[in-house]
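Visitor: After the structure tokens below, expect a handful of questions from me.
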Amino acid sequence: MTQRLVDLMKLLEEDPNDSFLLFAIAKEYENQGLLDQAEHYYLTLYKSNPSYVGLYYHLAKLYESKGMVEEALNYYDEGIFMANKMHDQHALAELKNAKTNLELMI
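Pasting the structure below:
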């Protein structure tokens, strides 16, 4: 475990539902190639704060990398819905583009 991850985990102990920390930990695990651990933290974030729009793109990409196409498409769709609801045009465009690219590959 990297020092950065140790530090993030200590901070998370103080506030287990901190969306930014959950996302940062997921990304740290993902960057280390520990996809199951990354998935766990993305899903924890999803359950605690489904309006955290940034998680959908990254979780869907993680599922793509694991060959889990249906799951990826489902999270792109959920992310598109949430980005619309939150009026996040940047995330909306990014999610739509990623979904289209995946659909063209299958």
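In this note's numbering, the protein residues as written are 111 to 216.
Idealized CB from N, CA, C, for every residue including glycine.
1. Nearest by alpha-carbon distance to Met192: which of Leu172, Val179, Ser161, Ala208 is it?
2. In chain order, what residues of the same chain lie with their CB nearer than 6 Å to the CB of Tyr185, ignoring the 5 residues before and after it?
3. In terms of alpha-carbon separation, which member of Gly177, Phe133, Glu213, Ala201 lies closest to Lys157?
4. For the alpha helix (DSSP H) that Leu144 lies in, which residues bound it at each end?
5. For Asn127, collect the residues of the same chain with a Cβ closer than 6 Å to its Cβ; drop the 5 residues on either side in sequence, then sort them by chain order.
Guide: In short, the structure shows the following:
1. Ser161
2. Tyr166, Leu169, Ala170
3. Phe133
4. Here Leu144 belongs to no alpha helix (DSSP H), and DSSP marks it neither H nor E.
5. Ser158
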